[in-house]
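**Student:**
There are 2 protein chains.
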Amino acid sequence: MDNHEVTIRSVDFSTGVISPSYRVLRRTLREIAPIFWDQEAAKSILQAEGDRLIYEVHVTEIPESIEHLPFCTTIIYPGCVGEEYHMTKGHFHSQRQRAEIYLGLSGKGALLIQNEEGEVRMIEMEKGTIGYVPPGWAHRTVNTGEEPFIFFAVYPGDAGHDYKTIEEQGFARRLFKDQHGPRLVESPNWRK
Amino acid sequence: MDNHEVTIRSVDFSTGVISPSYRVLRRTLREIAPIFWDQEAAKSILQAEGDRLIYEVHVTEIPESIEHLPFCTTIIYPGCVGEEYHMTKGHFHSQRQRAEIYLGLSGKGALLIQNEEGEVRMIEMEKGTIGYVPPGWAHRTVNTGEEPFIFFAVYPGDAGHDYKTIEEQGFARRLFKDQHGPRLVESPNWRK
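These protein sequences, in sequence, are chains A and B.
When the letters of the first sequence are read in order and numbered with our numbering, they come out as residues 5 to 196.
When the letters of the second sequence are read in order and numbered with our numbering, they come out as residues 5 to 196.
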């Protein structure tokens, strides 16, 4: 990005759409099915629905380098795979000691953060909640409501994304829907 | 901040108040009068009103170090000093090559950015506008509306604040209110 070129953007708080649009990454169940606990439920959904959009991320062309602050919006669509809420893949920053900020815009959800020892914290989010991911913690977001859960995120340009560690190890806790609402339970297959 | 201690905060989009509260910095006309063009008008206001709150910044205890992302909200109250709109002092980052993000929450305003050569760009802001300050540009915000202009800001923890350069040189352009709305004009006393 040329420093002399200033793109003015806006974000619609109710839809999460960034204008002007640059790129939208879409994660469907077919692609991210392995992150869910109930693999039989995932298969049934794929058979019945073909595929399902779990979430999308609206990104910009801000460079990922130390002097910049890339930002994005994420829209997680409501629903469950088995009893487990729709959620993002989750990641550490490659440069572990980098924070991230999430600002809730619409809907209801949870930010799960996990450190390298597998300690997990849950931050419930709605419009106006500031979910701060401290340096060193992996982060995953979950839609625990009935509407799209939408948030705005900012991260340091040199953070980098390490998806692999979470792909391999998972999160130590999973967020299930029970009759009383979200229930955070130990993941039987963590680090397996 | 202990990484194991996660403070959950929220921001009220209509008032800019961050809860739980940590610290609110208040800038009054008495303190920042020299930034305005019309010094006679500033004096008259101080005589008539005693003092006047121009803006306030709600900050948190997030450390200013490279691994963190400090954030704040700013509320600029509506009004003019002479014909010039209420505005912030403005600053460069001490570490020049660091960006900043402003997200409009309420009201109407402008983000003025200026590079070291004195080139000025104006980004009009309202709810949802993302004002991106590219690395290397000083930034000042202005309330051009009739209501408080409120925005959320995030900056890299190692950016630092250089207020002195702008205190000494000012901005090369000033935003005045005329009968048709905001008018950006060359500042007669820039770098003097």
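Ideal Cβ positions, reconstructed from N, Cα and C, are used throughout, including at glycine.
Model, not experiment: these values are computed from the prediction.
Would you mind reading off the limits of the beta strand (DSSP E) that contains Glu-53(B)?
**Tutor:** Per DSSP, Glu-53(B) belongs to no beta strand (DSSP E); it is in the alpha helix (DSSP H), 43-53.
**Student:** Taking DSSP's pairing of strands, which residues face Thr-11(A) in a bridge?
**Tutor:** None, per the DSSP bridge assignment.
**Student:** Quick one: list the residues of chain B neighbouring Gly-132(A), beta-carbon separation under 8 Å, in chain order.
**Tutor:** Result: Ser-14, Val-15, Asp-16, Phe-17.
**Student:** Under 7 Å Cβ-Cβ, which residues of chain B neighbour Arg-102(A)?
**Tutor:** Those within 7 Å of Arg-102(A) in chain B are Glu-71.
**Student:** So which of Thr-78(A), Asp-55(A), Gly-54(A), Ser-18(A) has the shortest CA-CA distance to Arg-27(A)?
**Tutor:** Measuring from the Cα of Arg-27(A), the nearest candidate turns out to be Thr-78(A).
**Student:** Taking Pro-74(A) as the reference, which of Gly-111(A), Glu-88(A), His-165(A) has the closest Cα?
**Tutor:** Selected option, being the one with the closest Cα: His-165(A).
**Student:** Quick check: the Cα distance between Gly-83(B) and Pro-186(B), rounded to an integer number of angstroms?
**Tutor:** Answer to the nearest angstrom: the Cα atoms are 12 Å apart.
**Student:** Counting only Cβ pairs nearer than 7 Å, list the residues of chain A close to Pro-160(B).
**Tutor:** What Pro-160(B) touches in chain A: Leu-73, Pro-160.
**Student:** Is it the case that the stretch 10-23 of chain B contacts the stretch 130-149 of chain A, given that we only count it when at least three CB pairs across the two stretches are under 8 Å?
**Tutor:** In short, these stretches touch, since the Cβ pair count reaches three.
**Student:** Checking contacts by CB at 8 Å: is Val-237(B) closer than that to chain A?
**Tutor:** The first residue shown for chain B is 5 and the last is 196, placing residue 237(B) beyond what the model contains.
**Student:** Could you name the residues of chain E that Val-10(B) contacts, counting a contact when the two beta carbons are closer than 8 Å?
**Tutor:** Checking the listed chains, one finds no chain E in this structure; the protein chains it contains are A and B.
**Student:** Does Ile-154(A) get closer than 8 Å to chain B when you measure Cβ to Cβ?
**Tutor:** Judged by the 8 Å Cβ criterion, Ile-154(A) is not in contact with chain B.
**Student:** Can you pull the chain B residues whose beta carbon is under 9 Å from the beta carbon of Ile-79(A), in chain order?
**Tutor:** Residues of chain B passing the Cβ test: none, with the nearest at roughly 15 Å.
**Student:** What are the boundary residues of the alpha helix (DSSP H) that Gln-173(B) is part of?
**Tutor:** Taken as a continuous stretch (DSSP letters only), the alpha helix (DSSP H) holding Gln-173(B) covers 168-173.
**Student:** Spatial neighbours of Thr-32(B) within its chain, please: C-beta separation below 7 Å, excluding the five flanking residues on both sides.
**Tutor:** Closer than 7 Å at Cβ, skipping near neighbours: Asp-55, Arg-56, Leu-57, Ile-58.
**Student:** Less than 7 Å between C-beta atoms, sequence neighbours within five positions excluded: which residues of the same chain meet that for Ala-157(A)?
**Tutor:** These residues qualify, in order along the chain: Phe-75, Cys-76, Thr-78, Glu-104, Ile-105, Tyr-106.
**Student:** In the DSSP assignment, what are the bridge partners of Phe-96(B)?
**Tutor:** Bridge partners of Phe-96(B): Asp-166(B).
**Student:** Identify whether Ser-191(B) lies in helix, strand or coil by the three-state DSSP scheme.
**Tutor:** Looking at Ser-191(B) - three-state DSSP - the assignment turns out to be coil, as it is neither helix nor strand.
**Student:** Along the chain, where does the alpha helix (DSSP H) that runs through Leu-33(A) open and close?
**Tutor:** Taken as a continuous stretch (DSSP letters only), the alpha helix (DSSP H) holding Leu-33(A) covers 33-36.
**Student:** Considering only residues of the same chain and omitting the five flanking positions on each side of Gln-101(A), which have a CB-CB separation below 8 Å?
**Tutor:** Pro-139, Gly-140, listed in sequence order.
**Student:** Quick check: what's the CA-CA separation for Ser-23(A) versus Arg-144(B)?
**Tutor:** Taking the straight line joining both Cα atoms gives about 23 Å.
**Student:** Which partner residues does Asp-182(B) have in the DSSP bridge list?
**Tutor:** Note: Asp-182(B) sits in a beta bridge opposite Gly-185(B).
**Student:** Might you give, ordered along the chain, the residues of its own chain that have their beta carbon closer than 8 Å to the beta carbon of Gly-86(A), omitting 5 neighbours on each side?
**Tutor:** Contacts found: Phe-40, Trp-41, Asp-42, Glu-44, Ala-45, Ala-46.
**Student:** For Asp-182(B), which residues of its own chain have a beta-carbon under 8 Å away from its beta-carbon, when the five flanking residues on both sides are left out?
**Tutor:** Taken in chain order, the residues that qualify are Glu-87.
**Student:** May I ask you to report which of helix, strand or coil DSSP gives Ile-117(B)?
**Tutor:** Three-state DSSP puts Ile-117(B) in a strand.
**Student:** Between Met-91(B), His-90(B), Leu-50(B), Thr-19(B), which has its C-alpha nearest His-62(B)'s C-alpha?
**Tutor:** Selected option, being the one with the closest Cα: Thr-19(B).
**Student:** Helix, strand or coil: which one does DSSP assign to Arg-30(B)?
**Tutor:** Note: Arg-30(B) maps to strand in three-state DSSP.
**Student:** Just to confirm, is the Cβ distance from Ile-170(B) to Val-10(A) under 8 Å?
**Tutor:** Not closer than 8 Å, so no.
**Student:** Between the C-alpha atoms of Ile-66(A) and Tyr-159(B), what's the straight-line distance to the nearest angstrom?
**Tutor:** If I take the Cα positions, the gap works out to 15 Å.
**Student:** Please check if any C-beta of chain A sits within less than 8 Å of the C-beta of Ile-105(B).
**Tutor:** True, the Cβ-Cβ gap to chain A drops below 8 Å.
**Student:** So who's on the other strand from His-62(A), going by DSSP bridges?
**Tutor:** Looking at the DSSP assignment, His-62(A) forms a beta bridge with Val-28(A), Thr-77(A).
**Student:** Distance, Cα to Cα, Asn-119(B) vs Arg-30(B)?
**Tutor:** Roughly 27 Å between the two C-alpha positions.
**Student:** Given that a residue counts as buried once 16 or more other Cβ atoms are within 10 Å of its Cβ, and exposed if not, what is His-8(B)?
**Tutor:** Its pLDDT being 49, under 50, His-8(B) is placed unreliably by the model, and the measurement read from it follows with that caveat. Under this definition His-8(B) is an exposed residue.
**Student:** Under DSSP, the beta strand (DSSP E) around Phe-17(B) begins and ends at which residues?
**Tutor:** From DSSP, Phe-17(B) is part of no beta strand (DSSP E); its letter is neither H nor E.
**Student:** In this structure, does DSSP put Ile-127(B) in helix, strand or coil?
**Tutor:** Three-state DSSP puts Ile-127(B) in a strand.
**Student:** Please list, in chain order, all residues of the same chain as Gly-149(A) whose beta carbon is under 7 Å from its beta carbon, the five residues on each side excluded.
**Tutor:** Contacts found: Pro-82, Gly-111, Lys-112, Gly-113.
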